[in-house]
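Trainee: Counted the way full-length UniProt numbering counts, the sequence shown spans residues 1 to 524.
Here a beta-carbon is modelled for each residue, glycine too, at the ideal position from N, C-alpha and C.
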Amino acid sequence: MIKQILNRLPRKPSKSSDNREGGAFTSSSSASTSSRNSDLASNRFANSSGASFSGFKSTPSSGLNQGNRISQVVNAKLNGNTFAASFEALPSFRDVPNSEKQNLFIRKLNMCCVVFDFTDPTKNIKEKDIKRKTLLELVDYVSSANGKFSETVMLEIVKMVSVNLFRTLTSPPRENKVLEAFDLEEEEPSMDSAWPHLQVVYDFLLRFVASPETDAKLAKRHIDHSFVLRLLDLFESDDPREREYLKTVLHRIYGKFMVHRPFIRKAINNIFYRFIFETEKHNGIAELLEILGSIINGFALPLKEEHKLFLVRALIPLHKPKCIPMYHQQLSYCITQFVEKDCKLADTVIRGLLKYWPITNSSKEVMFLGELEEVLEATQLAEFQRCMVPLFCQIGRCLSSSHFQVAERALFLWNNDHIENLIKQNRNVILPIIFPSLEKNARNHWNQAVQSLTLNVRKIFSDTDPDLFEECLHKFEEDEAREDEVKSKREARWKQLEEIAAMKAASNEPVLVPPKATALKQSC
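Here's what the structure looks like:
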């Protein structure tokens, strides 16, 4: 009886039932996150115009980290295919009134924060197509915008761009091999399977940065130093199409955001330092140098000390790595721009080239000679005279090179009228330095083209100053006769030693070498 009465009384709810019914925030955090993310990833992107992802309220400067968090959440949902069915296209901008277009724009930005797996082309085909079409609509909207972008819109734009672009690159930079072993033109570039979507995102970012409706004072809070550094990290991409877009985007950012210019230059410097002195591996050096070529072209005169230090500490040492053919054309342009801006830097540049001049790499030597010609073409007489002695000692070694392309490229310097005039004005110093190389080439070089070019250069000197030419020829013949005499004495002495050794060999007596013979042997 008592039990029956007690059973009819209402029971006190247990703690576990509390948790199940209304205590969602006291359950495990992963369950809570999963519940929120399911709502986030569904088609409720369109809940409200200004709404972003759940839990995504932060300061403007945190856009990059936000992108990573959202990407991780959405990717987790994609891998489980829990919301693919609800990923539907939003209305077109043409189908909504003007007052609703900004709200729709933000909703479309949020929807494009979903990142798909492009390594499997059979996965999420419909959703990928919807996202691509939405991205194209966003590009058109930004291109035709006729009002200033609000800070809320900028935050959403940077968030979407960060989620899609800032990722871990799948493959490491290619090994920079010795370039005689293979041809860079024949190397197949690595293509990113996600490029059809990445390209549209890059195009969107480029149009946003270049748009006159983008207020630089507001945008700089979101396109900040952290954003620039993450953008620079992407220059490591194996895909040349991505690096080409990055080059254009970074150049536009440099042009629009003047406050970021010193930071961008410093960040590029740091990439160069690490490449030169640590890794010698980076895919984007050529593109970064191309940006710098345009920047250097816009430097005001007189050049700041900071820019001169950049030349000495970064650009000139870039001649050191073995993989210089990958970026030499852009590097040579940057170097020449400095000399054209300030002709007094010619001496510094030429001595820097001589410091890193290759010894055993003939193809690299040919490139150095080509760059040297461009620098000399912008060099004035005073700077030329400061460095002409060490310069033509090196050119003399190139003239006598057994590699015909090196000798030929060195002889081509005389085809440049400005360089030829500089040489003629200083022939009294230069001709005695290079005359032995010219004479030996004319007599003994195995390549007919090198011999022919050498005879043309000899004729230039003989026509310009016959007396100096004859004097150098006479000195060369004297030096040659002296060398022949020393050589014959050396051979005679060695022959004498061999005879003495042969006489003593039978008796096993030690051979005592006279002091004079020892001194002669050491001098040889």
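Could you check the C-alpha separation between residue 528 and Lys-495 for me, to the nearest Å?
Mentor: The structure shown has nothing for residue 528, since the chain only spans 1 to 524.
Trainee: Would you kindly work out how many angstroms separate the C-alpha atoms of Met-160 and Lys-128, rounded to a whole number?
Mentor: Taking the sequence shown and counting its residues from 1, the one referred to as residue 160 is at position 160. Taking the sequence shown and counting its residues from 1, the one referred to as residue 128 is at position 128. Near 16 Å, if we compare the C-alpha coordinates of Lys-128 and Met-160.
Trainee: Taking buried to mean at least 16 other C-beta atoms within 10 Å of its own C-beta, is Tyr-273 buried or exposed?
Mentor: Position 273 of the sequence shown, counted from the first residue, corresponds to residue 273. When all chains shown are included, Tyr-273 counts as exposed.
Trainee: From this set, Ser-332, Asp-192, Ile-316, which residue's C-alpha is nearest Ser-294's C-alpha?
Mentor: Taking the sequence shown and counting its residues from 1, one reaches residue 294 at position 294. Ranking Ser-332, Asp-192, Ile-316 by Cα distance to Ser-294 puts Ser-332 first.
Trainee: By DSSP, does Lys-148 sit in helix, in strand, or in coil?
Mentor: Counting from 1 along the sequence shown, the entry for residue 148 is found at position 148. Looking at Lys-148 - three-state DSSP - the assignment turns out to be coil, as it is neither helix nor strand.
Trainee: With distances taken from CA atoms, which of Ser-193, Leu-422, Phe-208 is nearest Glu-377?
Mentor: Position 377 of the sequence shown holds residue 377. Among Ser-193, Leu-422, Phe-208, the Cα nearest to that of Glu-377 belongs to Leu-422.
Trainee: Might you give, ordered along the chain, the residues of its own chain that have their beta carbon closer than 6 Å to the beta carbon of Glu-420, omitting 5 neighbours on each side?
Mentor: Along the sequence shown, one-based indexing puts residue 420 at 420. Hits under 6 Å: Trp-414.
Trainee: Quick one: is the Cβ of Cys-393 within less than 8 Å of any heavy atom of the ligand SAM?
Mentor: Ligands in the displayed structure: none, and consequently the ligand SAM is not present.
Trainee: Whole alpha helix (DSSP H) runs in the stretch 333–381 with 4 or more residues, listed along the chain?
Mentor: Uninterrupted alpha helix (DSSP H) stretches at least 4 residues long and entirely within the stretch 333–381 occur at 346–355, 362–377, given in chain order.
Trainee: Under 9 Å between the Cβ atoms of Phe-93 and Val-142?
Mentor: Locating residue 93 in the sequence shown gives position 93, where the first residue counts as 1. Locating residue 142 in the sequence shown gives position 142, where the first residue counts as 1. The answer is no: Cβ separation not under 9 Å.
Trainee: Is the distance from the Cβ of Ile-350 to the Cβ of Leu-399 below 9 Å?
Mentor: Looking up residue 350 in the sequence shown gives position 350. Looking up residue 399 in the sequence shown gives position 399. Result no, Cβ atoms of Ile-350 and Leu-399 do not sit closer than 9 Å.
Trainee: How about Ser-402 and Trp-446: do their beta carbons lie closer than 9 Å?
Mentor: Position 402 of the sequence shown, counted from the start, is the residue given in the question as residue 402. Position 446 of the sequence shown, counted from the start, is the residue given in the question as residue 446. Yes, Cβ-Cβ distance for Ser-402 and Trp-446 is below 9 Å.
Trainee: So for Cys-112, helix, strand or coil by DSSP?
Mentor: Locating residue 112 in the sequence shown gives position 112, counting from the first residue. Coil at Cys-112, not helix or strand.
Trainee: Go ahead and label Phe-338 buried or exposed: buried means 16 or more other beta carbons lie within 10 angstroms of its beta carbon, across all protein chains shown.
Mentor: As a first step, residue 338 must be located in the sequence shown, where it is residue number 338. Its Cβ being crowded by 16 or more others within 10 Å, Phe-338 is buried.
Trainee: Got a sec? Which residues, its chain only, sit under 8 Å from Ala-505 by beta carbon, not counting five neighbours each side?
Mentor: Residue mapping note: residue 505 aligns to position 505 of the sequence shown, counting from 1. Within the same chain, Ala-505 has no close Cβ partners at all.
Trainee: Among the residues of its own chain, which have a CB less than 8 Å from the CB of Glu-280, if the five just before and after it don't count?
Mentor: Taking the sequence shown and counting its residues from 1, the one referred to as residue 280 is at position 280. Excluding positions up to five away in sequence, the list reads Asn-176, Pro-321, Lys-322, Cys-323.
Trainee: Of the residues Cys-472, Asn-416, Glu-365, Ser-190, which one's Cα is nearest the Cα of Glu-439?
Mentor: For the purposes of this step, residue 439 is taken as the residue at position 439 of the sequence shown. Of the candidates Cys-472, Asn-416, Glu-365, Ser-190, the one whose C-alpha sits nearest the C-alpha of Glu-439 is Cys-472.
Trainee: Would you mind working out which of Gln-425, Thr-379, Asp-192 sits nearest Thr-168, comparing C-alpha positions?
Mentor: In the sequence shown, counting from the first residue as 1, residue 168 sits at position 168. Looking at the Cα atoms, Asp-192 is the closest of the given residues.
Trainee: Which of helix, strand or coil does DSSP assign to Met-191?
Mentor: Residue 191 sits at position 191 when you count from the first residue of the sequence shown. Coil.
Trainee: Below 6 Å CB to CB, which residues in the same chain sit around Gly-352 once its five sequence neighbours on both sides are set aside?
Mentor: As a working note, residue 352 is residue 352 in the sequence shown. Here the set comprises Ile-316.
Trainee: Nearest to Leu-232 by alpha carbon, out of Asn-283, Ala-210, Leu-431?
Mentor: Position 232 of the sequence shown, counted from the start, is the residue given in the question as residue 232. Of the listed residues, the one whose Cα sits closest to Leu-232 is Asn-283.
Trainee: From Lys-256 to Glu-365, what does the alpha carbon distance come to, in whole angstroms?
Mentor: The residue given as residue 256 occupies position 256 in the sequence shown. The residue given as residue 365 occupies position 365 in the sequence shown. Going by the C-alpha atoms only, they are around 40 Å apart.
Trainee: Is the beta carbon of Lys-220 closer than 9 Å to that of His-260?
Mentor: The residue given as residue 260 occupies position 260 in the sequence shown. The residue given as residue 220 occupies position 220 in the sequence shown. Yes; because the gap between Cβ atoms is below 9 Å, this pair is in contact.
Trainee: Do the CB positions of Met-154 and Leu-218 come within less than 9 Å of each other?
Mentor: For the purposes of this step, residue 154 is taken as the residue at position 154 of the sequence shown. For the purposes of this step, residue 218 is taken as the residue at position 218 of the sequence shown. Cβ distance < 9 Å, so Met-154 and Leu-218 count as in contact.
Trainee: When burial is assigned at 16 or more other CB atoms within 10 Å of the CB, is Arg-107 buried or exposed?
Mentor: On the sequence shown, residue 107 is found 107 positions in, with the first residue counted as 1. It is buried - the Cβ of Arg-107 has at least 16 other Cβ atoms within 10 Å.
Trainee: Given this structure, state the Cα-to-Cα distance separating Arg-409 from Ala-442, to the nearest angstrom.
Mentor: To locate residue 409, count along the sequence shown from 1; it is residue 409. To locate residue 442, count along the sequence shown from 1; it is residue 442. Taking the straight line from one Cα to the other gives about 16 Å.
Trainee: Just to confirm before moving on: does the CB-CB distance between Met-388 and Ile-430 stay below 9 Å?
Mentor: Counting from one through the sequence shown, the residue named residue 388 turns up at place 388. Counting from one through the sequence shown, the residue named residue 430 turns up at place 430. Yes, these two residues count as a Cβ contact at 9 Å.
Trainee: For Phe-469 and Phe-461, what's the separation of their Cα atoms in angstroms?
Mentor: As a working mapping, residue 469 is identified with position 469 in the sequence shown. As a working mapping, residue 461 is identified with position 461 in the sequence shown. Rounded to the nearest angstrom, the two C-alpha atoms are 7 Å apart.
Trainee: Tell me which residue opens and which closes the alpha helix (DSSP H) that Gly-255 is part of.
Mentor: Locating residue 255 in the sequence shown gives position 255, counting from the first residue. Looking at the DSSP string, the run of the alpha helix (DSSP H) that includes Gly-255 is 240–256.
Trainee: Please classify Tyr-273: does DSSP put it in a helix, a strand, or coil?
Mentor: On the sequence shown, residue 273 is found 273 positions in, with the first residue counted as 1. Residue state, collapsed to three classes: helix.
Trainee: Take the Cβ of Gln-394 as the centre, count every other Cβ of all protein chains shown within 10 Å, and call the residue buried at 16 or more, exposed below.
Mentor: What you label residue 394 is simply residue 394 of the sequence shown in a count that begins at 1. Result: buried.
Trainee: Could you compute how far the alpha carbon of Leu-292 sits from the alpha carbon of Ser-226?
Mentor: To locate residue 292, count along the sequence shown from 1; it is residue 292. To locate residue 226, count along the sequence shown from 1; it is residue 226. Each residue's alpha carbon lies about 20 Å from the other.
Trainee: Helix, strand or coil for Lys-304 per DSSP?
Mentor: Counted from its first residue, the sequence shown places residue 304 at position 304. Looking at Lys-304 - three-state DSSP - the assignment turns out to be coil, as it is neither helix nor strand.
Trainee: How about Thr-248 and Leu-301: are their beta carbons less than 9 Å apart?
Mentor: Locating residue 248 in the sequence shown gives position 248, where the first residue counts as 1. Locating residue 301 in the sequence shown gives position 301, where the first residue counts as 1. No.
Trainee: Please report the Cβ distance between Gly-396 and Ser-437, rounded to the nearest whole angstrom; I am assuming they are in contact, meaning their Cβ atoms lie under 8 Å.
Mentor: For this step, residue 396 is matched to residue 396 along the sequence shown. For this step, residue 437 is matched to residue 437 along the sequence shown. Correct: roughly 5 Å between the Cβ atoms.
Trainee: What's the gap between the Cα of Asp-215 and the Cα of Ala-194?
Mentor: Looking up residue 215 in the sequence shown gives position 215. Looking up residue 194 in the sequence shown gives position 194. Asp-215 and Ala-194: Cα-Cα distance of roughly 31 Å.
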